[in-house]
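Residue numbers (this note's numbering), protein chains in the order written: chain W, 1 to 224; chain X, 225 to 448; chain Z, 449 to 672; chain P, 673 to 896. Contents: one structure, followed by commentary.
4 protein chains.
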Amino acid sequence: MNEVSRSITALREVVCALNQDLPRHGLVVWTAGNVSGRVPGQELMVIKPSGMRFDELTPESMVVTDLNGVVVEGDLSPSSDTGTHAYVYRHMPEVGGIVHTHSTYACAWAARGQAIPCVLTMVADEFGGDVPVGPFALIGNEAIGEGIVATLRESRSPAVLMQNHGPFTIGKDAQSAVKAAVMLEEVAKAVHHAHQLGVPIPIPQSDIDHLSDRYRSVYGQRQE
Amino acid sequence: MNEVSRSITALREVVCALNQDLPRHGLVVWTAGNVSGRVPGQELMVIKPSGMRFDELTPESMVVTDLNGVVVEGDLSPSSDTGTHAYVYRHMPEVGGIVHTHSTYACAWAARGQAIPCVLTMVADEFGGDVPVGPFALIGNEAIGEGIVATLRESRSPAVLMQNHGPFTIGKDAQSAVKAAVMLEEVAKAVHHAHQLGVPIPIPQSDIDHLSDRYRSVYGQRQE
Amino acid sequence: MNEVSRSITALREVVCALNQDLPRHGLVVWTAGNVSGRVPGQELMVIKPSGMRFDELTPESMVVTDLNGVVVEGDLSPSSDTGTHAYVYRHMPEVGGIVHTHSTYACAWAARGQAIPCVLTMVADEFGGDVPVGPFALIGNEAIGEGIVATLRESRSPAVLMQNHGPFTIGKDAQSAVKAAVMLEEVAKAVHHAHQLGVPIPIPQSDIDHLSDRYRSVYGQRQE
Amino acid sequence: MNEVSRSITALREVVCALNQDLPRHGLVVWTAGNVSGRVPGQELMVIKPSGMRFDELTPESMVVTDLNGVVVEGDLSPSSDTGTHAYVYRHMPEVGGIVHTHSTYACAWAARGQAIPCVLTMVADEFGGDVPVGPFALIGNEAIGEGIVATLRESRSPAVLMQNHGPFTIGKDAQSAVKAAVMLEEVAKAVHHAHQLGVPIPIPQSDIDHLSDRYRSVYGQRQE
């Protein structure tokens, strides 16, 4: 087994486990969501098979495709969102993981086409400002991928709310993208409730910038 | 044991397990809900016994009735909704499974007699448009069954919200009907929240049609 | 061990297990709630000890008091709501179990002093009409008990929302009272959501009466 | 091992377990929250390491710092909120435990800078009146600690909602602070829902005082 094979085998484990985390975090019901990871240094990605329940997934059932979404390894059809994931990997080389869910409160903002305003320090920390909205686009061609990439490029946010559809999140790897999906639903919910009984107090832009910079440089354990 | 007996024994297992899935999916509390399945090729159905807690159910406690709701096998009384299930099976031969719950957000729409508008791609995918409302009807005769069948026949939706009562969902088999019940509560919740802070953006009818068609033909693994 | 002792020992098990069900049903946090049961044929009740976490409870830690709330058996102080439970048992001989929680949505109605209107068949079935509100009363004397009894006597409902406080439910035994507490929070939630996006459709009083009568006579397995 | 070492070892266990209780109580997602405890009689505290997931925590991974936030024991960086905890311990000698979360409904009130009004007996019992709001302050200096201390000193409440940020709670020990965090989110939620369909009925100040006094003197088992 060469190095690429070992890398793919390891990523199958990770991507399978992270897909199974989605229902544990309350982000998906039934089969509605998917996680993928880029094979490091390769024009390949590992993604969930289409329409399978999360509790049926195994590392072996994950599908390997190239970055045009063509299956390279695996007996099952890949997620119906494979073309979208592939588009993002092709156009954002810094992205190593992508998550798509239909998490409840994020979908509520997406149905109205409204960005989630940055009224909590948690939003500034994780998303660096408002969580932006991307255009409505039909599945089946490159329109969703284009909308995601165009929106994320103009924002510090690792999350985009695709109008009338739901959230996509990115990260340096698949786990980071899952973290962003988890934090997104949490802030979507808290800011939703904040608006129900009045108008939240805005955080000044300079403070948002300060929090965003600090979070990226100071928080957590030093990586070595 | 002949083939029909084997078929019934297998369906008892399936219907018991799917009933027990209802509380796991957060769709029911206490005893308030039921799943049934049609015995393939027979004028028979398997349904939950009345007023039993989900954690007490066993395959043996499931009740077999004919399609007039008369008990054929089983020591317990069948669900008090048996007449309704039987009516639907008699009038919709394509239906192989039925679920009834009082899931929270679906009941909130039902209490107002309002259809759930198709403002998320997930609604278009699963329900092919708005989730329709059926008439208010008292339990105990055929009125509920008639209302369900009349409403579903005019819709692509596998779910109907019976006014002041709650949802019924149908499927080609019992598992499909459970899936529809799970997705229904999810969209009932997301669209509810979407309306709380403004007006969701409508999805054009042609896009709803496109999504509905595609979902039925492309999504998931090819069945063989 | 005489018959009364056996009866108390058995009830300690039941009341302990039902108290531990409260957090499982999402009705309480930390120590905020209690279940009691009347010792059949005796002027005695079994109740949760005060301020203990649900996961620390054992049958032995349950407290036996007379119907004036005086401890008869047990090393711990009984629930601070003991006087209220005792008052209800003294004045409502048909009651065999009582539950008090601070469940979230029931408390929301109680804080406004609003009855939960009967706009779902589930409310008609379980509560026979609107769920009534009792007066605000301070803990420490008989005022809460008096308010509960006076309110429940004028209603078919086994649940009362004590203003600015929370729900009390009764039943023929402790399990029935827990069932009422579970169903109460469910209808409190569904009817709350129903009102958030408009006005629910009322159910005619004659239909409420029909549903209430039928539920009490037909639903469930025949008791023998 | 001397007495201080034993005391620290025991507190590492307690603080680790209480941190892990935060996700169980639904108060935090991912790594967003922390519990600390003061080492009895020492100028030391035990706190969660920064940016670690709750399920990865062990007693050994807890960090010991002095009351200026300087690490005394432990290989990991302490929580990024360590300076804030240290400030509170320095200025409130009666405090033995501190909890910080971003629990959803508490954050919703904090985003609007609104105190949670005392409209339920549970609020009077646990918080002795309205739950107060502290000023907006950036992380990284003493501003958050100052805001917490200044706000709590003018209130009976063991909880403060820091504007645009989230709640901090205190207690005589770490478990008491966790209890306050749990009760806070519960009352934040119930009072939120109470306001959504109208205006809650106020509780007279004299009754709030009565409930607050009684709860502190009568509730629970006598400590010996």
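By construction, the Cβ of each residue, glycine as well, lies at the ideal position given by its N, Cα and C atoms.
Legend entry - Residues near W254 of chain X by beta carbon distance below 8 angstroms, same chain, minus five either side: Translated into positions along the second sequence, residue 254 of chain X becomes position 30. Once the five neighbours on either side are set aside, the close Cβ partners of W254 of chain X are R277.
Legend entry - Buried versus exposed call for I208 of chain W [16 or more other C-beta atoms within 10 Å across all chains shown]: Here the question's residue 208 of chain W lines up with position 208 in the first sequence. A buried status is given to I208 of chain W, since no fewer than 16 other beta-carbon atoms sit within 10 Å of its beta-carbon.
Inset, instruction - Using a Cβ cut-off of 9 angstroms, pull out every chain W residue sitting near V406 of chain X, in sequence order please. - result: Here residue 406 of chain X refers to the residue found at position 182 when the second sequence is read from its first residue. Under a criterion of Cβ atoms nearer than 9 angstroms, the residues of chain W adjacent to V406 of chain X are, in order, V29 and W30.
Inset, instruction - Would you verify that the beta carbon of H434 of chain X is, or is not, closer than 8 angstroms to some beta carbon of chain Z? - result: For the purposes of this step, residue 434 of chain X is taken as residue 210 along the second sequence, with counting starting at 1. Chain Z contact via Cβ: absent.
Legend entry - Through-space distance from A10 of chain W to F168 of chain W, alpha-carbon basis: Mapped onto the first sequence, residue 168 of chain W falls at position 168. Mapped onto the first sequence, residue 10 of chain W falls at position 10. Rounded to the nearest angstrom, the gap between the Cα atoms of F168 of chain W and A10 of chain W is 24 angstroms.
Inset, instruction - Write down the C-beta distance between M794 of chain P and H550 of chain Z rounded to the nearest angstrom, noting that I regard them as a contact closer than 8 angstroms. - result: As a first step, residue 794 of chain P must be located in the fourth sequence, where it is residue number 122. As a first step, residue 550 of chain Z must be located in the third sequence, where it is residue number 102. Taking the Cβ atoms as the reference, M794 of chain P lies roughly 5 angstroms from H550 of chain Z, within the contact range of under 8 angstroms.
Legend entry - Straight-line Cα distance separating M62 of chain W from M183 of chain W: Along the first sequence, read from residue 1 onward, the residue named residue 183 of chain W stands at position 183. Along the first sequence, read from residue 1 onward, the residue named residue 62 of chain W stands at position 62. Near 25 angstroms, if we compare the C-alpha coordinates of M62 of chain W and M183 of chain W.
Inset, instruction - Flag Q338 of chain X as yes if its beta-carbon sits less than 8 angstroms from any beta-carbon of chain W, otherwise no. - result: Mapped onto the second sequence, residue 338 of chain X falls at position 114. At a cut-off of 8 angstroms between beta-carbon atoms, Q338 of chain X makes no contact with chain W.
Inset, instruction - Assign Q399 of chain X to buried or exposed, taking buried as 16 or more other Cβ atoms, counted over all protein chains shown, within 10 Å of its Cβ. - result: On the second sequence, residue 399 of chain X is found 175 positions in, with the first residue counted as 1. Burial call: buried.
Legend entry - Per-residue contacts from L138 of chain W into chain X (C-beta, under 9 angstroms): Stepping through the first sequence from its first residue, residue 138 of chain W is reached at position 138. Simply T345, D431, H434, L435 and R438.
Inset, instruction - Taking E685 of chain P as the query, report the chain B residues whose CB atoms sit under 9 angstroms from its CB, ordered along the chain. - result: Note that chain B does not occur in the displayed structure, where the protein chains are W, X, Z and P.
Legend entry - Own chain residues within Cβ distance below 6 angstroms of F808 of chain P, not counting five before or after: Looking up residue 808 of chain P in the fourth sequence gives position 136. Closer than 6 angstroms at the Cβ level, and outside the excluded window around F808 of chain P, lie Q835 and N836.
Inset, instruction - Take the Cβ of N258 of chain X as the centre, count every other Cβ of all protein chains shown within 10 Å, and call the residue buried at 16 or more, exposed below. - result: Against the second sequence, residue 258 of chain X aligns to sequence position 34. Buried, since its Cβ has 16 or more Cβ neighbours within 10 Å.
Inset, instruction - Provide the residue(s) that pair with F840 of chain P in DSSP beta bridges, ordered along the chain. - result: For this step, residue 840 of chain P is matched to residue 168 along the fourth sequence. Bridge partners of F840 of chain P: P:H772 and P:V832.
Legend entry - A831 of chain P versus S5 of chain W - alpha carbon distance: Here residue 831 of chain P corresponds to residue number 159 of the fourth sequence, with the count starting at 1. Here residue 5 of chain W corresponds to residue number 5 of the first sequence, with the count starting at 1. Distance between the alpha carbons of A831 of chain P and S5 of chain W is about 53 angstroms.
Inset, instruction - Look up E745 of chain P in the DSSP assignment and say whether it is helix, strand or coil. - result: Against the fourth sequence, residue 745 of chain P aligns to sequence position 73. In this structure, E745 of chain P counts as strand in the three-state DSSP scheme.
Legend entry - Contact set between the region 84 to 101 of chain W and chain X, restricted to residues whose Cβ is under 8 angstroms from the partner: If the cut-off is 8 angstroms between Cβ atoms, the region 84 to 101 of chain W has nothing near chain X.
Legend entry - 8 angstroms CB neighbourhood of Q895 of chain P in its chain, flanking five on each side removed: Stepping through the fourth sequence from its first residue, residue 895 of chain P is reached at position 223. In this predicted model, Q895 of chain P has a pLDDT of only 48, less than 50, meaning its place in the structure is not dependable; the value taken from the coordinates is given anyway. Spatial neighbours of Q895 of chain P in its own chain (CB-CB distance under 8 angstroms, excluding positions within 5 residues in sequence) are not present.
Inset, instruction - Determine whether the Cβ of A335 of chain X lies closer than 8 angstroms to any Cβ atom of chain Z. - result: What you label residue 335 of chain X is simply residue 111 of the second sequence in a count that begins at 1. Judged by the 8 angstroms Cβ criterion, A335 of chain X is in contact with chain Z.
Inset, instruction - Within 10 angstroms of the Cβ of A106 of chain W, are there 16 or more other Cβ atoms? Answer buried if so, exposed if not. - result: Here residue 106 of chain W is taken as the residue at index 106 of the first sequence, counted from 1. Flag for A106 of chain W reads buried.
Legend entry - Alpha-carbon spacing of C16 of chain W relative to P49 of chain W, whole angstroms: Taking the first sequence and counting its residues from 1, the one referred to as residue 16 of chain W is at position 16. Taking the first sequence and counting its residues from 1, the one referred to as residue 49 of chain W is at position 49. The C-alpha of C16 of chain W lies about 10 angstroms from the C-alpha of P49 of chain W.
Inset, instruction - Check whether the Cβ of P839 of chain P lies closer than 8 angstroms to any Cβ atom in chain Z. - result: Reading the fourth sequence from its first residue, position 167 is the one you call residue 839 of chain P. Not closer than 8 angstroms to any Cβ of chain Z, the Cβ of P839 of chain P fails to qualify, so no.
Inset, instruction - Determine the burial state of Q786 of chain P: buried for a count of at least 16 other Cβ atoms within 10 Å of its Cβ, exposed for fewer. - result: By 1-based counting over the fourth sequence, the position of residue 786 of chain P is 114. Q786 of chain P is buried by the Cβ-count criterion.
Inset, instruction - Could you give the DSSP three-state label for S431 of chain Z: helix, strand or coil? - result: The first residue shown for chain Z is 449 and the last is 672, placing residue 431 of chain Z beyond what the model contains.
Legend entry - Bridge partners - R38 of chain W, DSSP secondary structure assignment: Numbered from 1 along the first sequence, position 38 holds the residue referred to as residue 38 of chain W. Assignment of beta-bridge partners to R38 of chain W by DSSP yields W:M45.
Inset, instruction - Note down, in chain order, all residues in the region 406 to 422 of chain X with a beta-carbon under 9 angstroms from any beta-carbon belonging to chain W. - result: Look at the region 406 to 422 of chain X: the residues with a C-beta under 9 angstroms from a C-beta of chain W are V406, M407, E409, E410, V411, K413, A414, V415, H416, H417, A418, H419, Q420, L421 and G422.
Inset, instruction - Please name the residue, chosen from Z:S527, Z:V494 and Z:H533, that lies closest to I618 of chain Z on a Cα-to-Cα basis. - result: As a first step, residue 618 of chain Z must be located in the third sequence, where it is residue number 170. Checked all of Z:S527, Z:V494 and Z:H533; the closest Cα to I618 of chain Z is Z:H533.
Legend entry - 7 angstroms Cβ shell around A815 of chain P - same chain, five flanking residues per side excluded: What you label residue 815 of chain P is simply residue 143 of the fourth sequence in a count that begins at 1. So the list reads A809, once near-sequence residues are dropped.
Legend entry - D514 of chain Z, enclosing beta strand (DSSP E) - first and last residue: Looking up residue 514 of chain Z in the third sequence gives position 66. Per DSSP, D514 of chain Z is one residue of the beta strand (DSSP E) stretching across V511 to D514.
Inset, instruction - For E3 of chain W, count neighbouring Cβ atoms within 10 angstroms of its own Cβ and tell me buried if that reaches 16, exposed if not. - result: Within the first sequence, numbered from 1, the residue matching residue 3 of chain W stands at position 3. Exposed: under 16 other Cβ atoms inside 10 Å.
Inset, instruction - Would you mind listing the beta strand (DSSP E) stretches within the region 523 to 585 of chain Z that are 3+ residues and don't spill past its ends, in chain order? - result: If one requires a minimum length of 3 residues, the beta strand (DSSP E) runs lying completely within the region 523 to 585 of chain Z are 545 to 549, in chain order.
Inset, instruction - Following the continuous alpha helix (DSSP H) through P471 of chain Z, name the residue where it begins and the one where it ends. - result: On the third sequence, residue 471 of chain Z is found 23 positions in, with the first residue counted as 1. Where P471 of chain Z is concerned, the enclosing alpha helix (DSSP H) stretches over E451 to R472.
Inset, instruction - State the beta-bridge partners of I363 of chain X as determined by DSSP. - result: For the purposes of this step, residue 363 of chain X is taken as the residue at position 139 of the second sequence. In the DSSP output, where bridge partners are listed per residue, I363 of chain X has X:N365.
Legend entry - K851 of chain P: contacting residues in chain Z (beta-carbon distance under 7 angstroms): Translated into the one-based positions of the fourth sequence, residue 851 of chain P becomes position 179. When 7 angstroms is used as the limit between beta carbons, K851 of chain P is near these residues of chain Z: W478, in chain order.
Legend entry - Below-8 angstroms beta-carbon distance, Q447 of chain X vs any chain W residue: Here residue 447 of chain X corresponds to residue number 223 of the second sequence, with the count starting at 1. Here the model assigns Q447 of chain X a pLDDT of 48, short of 50, so the residue's position is not dependable and the matter cannot be decided.
Inset, instruction - Count the other CB atoms, across all protein chains shown, that sit within 10 Å of the CB of A412 of chain X; report buried if there are 16 or more and exposed otherwise. - result: The residue labelled residue 412 of chain X in the question sits at position 188 within the second sequence. Under this definition A412 of chain X is a buried residue.
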